[in-house]
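Asks:
Residue numbers (our numbering): 242 to 454.
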């Protein structure tokens, strides 16, 4: 079973993907980390984030599951990843690696912004997770505060809106819900409530699959 979880920044898609992977005993790939790791490699090499050739070389050198996540989190890396992800050649470089992960025996759970539309359009269950920009900014601001970053709500909201615009308007694999994706708005839901809703959507998808077997 392949489960595709898409959505904008701080919608809760990563948390839901991890919990669904644990529930069904499936491997999980946070595809956003691929772009964060690519951006991190460029920053470490003092290369500009829009250097397409350097970004492609960095993407080709990634190992899908060996990330120093602590160095890839935070406001700076989220913004940098969004810049790198808009480079068509970088996305092309990483597509096949993500598809290979999804084709693992037994399936996988992948979360990102183009899983249901580009990476795994054949996914058995597709969920597009969203929430209001204000709620997403509130969640991200709290997350950053817990990690020691001193940033205001208004700054985080501006970052969220800027990333939404960049991710939705890029030429290749823009952020959008697949036509057959189930929409899950987490604005008014806590983690437990969002997981219950997501699990119900996956179970419904599984039931439809079994009905056609």
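Backbone N, C-alpha and C fix where the C-beta goes; we use that ideal spot for every residue, glycine too.
Fair warning: this is a prediction, and the values are worked out from it, not measured in the lab.
(1) Cα separation between residue 259 and residue 367?
(2) Can you name the residues that DSSP bridges to residue 350?
(3) Secondary structure at residue 394, three-state DSSP: helix, strand or coil?
(4) Distance, Cα to Cα, residue 441 vs residue 429?
(5) In chain order, what residues of the same chain have a beta carbon less than 6 Å from the beta carbon of residue 418, not counting five sequence neighbours either side?
(6) Buried or exposed for residue 330, please, with buried defined as at least 16 other CB atoms from any protein chain shown within 10 angstroms of its CB.
(7) Please state the DSSP three-state secondary structure of residue 359.
(8) Starting from residue 328, trace the beta strand (DSSP E) in both directions and tell me its first and last residue.
(9) Go to residue 413, then tell me how far its beta strand (DSSP E) extends in each direction, as first and last residue.
(10) With DSSP as the reference, label residue 287 as helix, strand or coil.
(11) Is residue 342 helix, strand or coil by DSSP?
(12) Which word fits residue 339, buried or exposed, when buried means at least 16 other C-beta atoms lie within 10 angstroms of its C-beta?
(13) In the DSSP assignment, find the alpha helix (DSSP H) that holds residue 435 and state where it starts and stops.
(14) To the nearest angstrom, how far is the alpha carbon of residue 252 from that of residue 378?
(15) Under the assumption that residue 414 contacts residue 332 (Cβ atoms under 8 Å), give the Cβ distance between them as a whole number of angstroms.
(16) If you drop the 5 nearest sequence neighbours on each side, which residues of the same chain put their C-beta closer than 7 Å to that of residue 450?
(17) Measuring alpha carbon to alpha carbon, tell me which of 323, 289, 279 ends up nearest residue 309.
(18) Which one of 263, 327, 264, 244 has the shortest CA to CA distance from residue 275?
Replies: Here's the rundown:
(1) For the purposes of this step, residue 259 is taken as the residue at position 18 of the chain shown. For the purposes of this step, residue 367 is taken as the residue at position 126 of the chain shown. Roughly 15 Å between the two C-alpha positions.
(2) The residue labelled residue 350 in the question sits at position 109 within the chain shown. 244, 269, per the DSSP bridge assignment.
(3) The residue you call residue 394 lines up with position 153 of the chain shown. Of the three classes helix, strand and coil, the one that applies to residue 394 here is helix, per DSSP.
(4) Within the chain shown, residue 441 is the residue found at index 200, counting from 1. Within the chain shown, residue 429 is the residue found at index 188, counting from 1. For residue 441 and residue 429, the distance between alpha carbons rounds to 17 Å.
(5) Stepping through the chain shown from its first residue, residue 418 is reached at position 177. Excluding residues within five positions, the ones whose Cβ falls inside 6 Å are 369.
(6) As a position in the chain shown, residue 330 is number 89, starting the count at 1. It is exposed - the Cβ of residue 330 has fewer than 16 other Cβ atoms within 10 Å.
(7) Along the chain shown, read from residue 1 onward, the residue named residue 359 stands at position 118. Per DSSP, reduced to three states, the secondary structure at residue 359 is helical.
(8) Working through the chain shown from its first residue, we reach residue 328 at position 87. Segment: none, residue 328 is in no beta strand (DSSP E) and carries neither H nor E.
(9) Stepping through the chain shown from its first residue, residue 413 is reached at position 172. No beta strand (DSSP E) holds residue 413; DSSP gives it neither H nor E.
(10) In the chain shown, residue 287 corresponds to position 46, counting from 1. Residue 287 sits in coil when the DSSP states are folded into three classes, being neither helix nor strand.
(11) The residue labelled residue 342 in the question sits at position 101 within the chain shown. In this structure, residue 342 counts as helix in the three-state DSSP scheme.
(12) As a position in the chain shown, residue 339 is number 98, starting the count at 1. By the C-beta density criterion, residue 339 is buried, having at least 16 other C-beta atoms within 10 angstroms.
(13) In the chain shown, the residue the question calls residue 435 occupies position 194. Element bounds for residue 435: 432-453.
(14) Working through the chain shown from its first residue, we reach residue 252 at position 11. Working through the chain shown from its first residue, we reach residue 378 at position 137. One C-alpha to the other measures close to 9 Å.
(15) As a position in the chain shown, residue 414 is number 173, starting the count at 1. As a position in the chain shown, residue 332 is number 91, starting the count at 1. Their Cβ separation, rounded to whole angstroms, is 6 Å, which keeps residue 414 and residue 332 in contact under 8 Å.
(16) Position 209 of the chain shown, counted from the first residue, corresponds to residue 450. Here the set comprises 365.
(17) Reading the chain shown from its first residue, position 68 is the one you call residue 309. Of the listed residues, the one whose Cα sits closest to residue 309 is 279.
(18) Start at 1 with the first residue of the chain shown, and residue 275 comes out as number 34. Nearest C-alpha to residue 275: 327.
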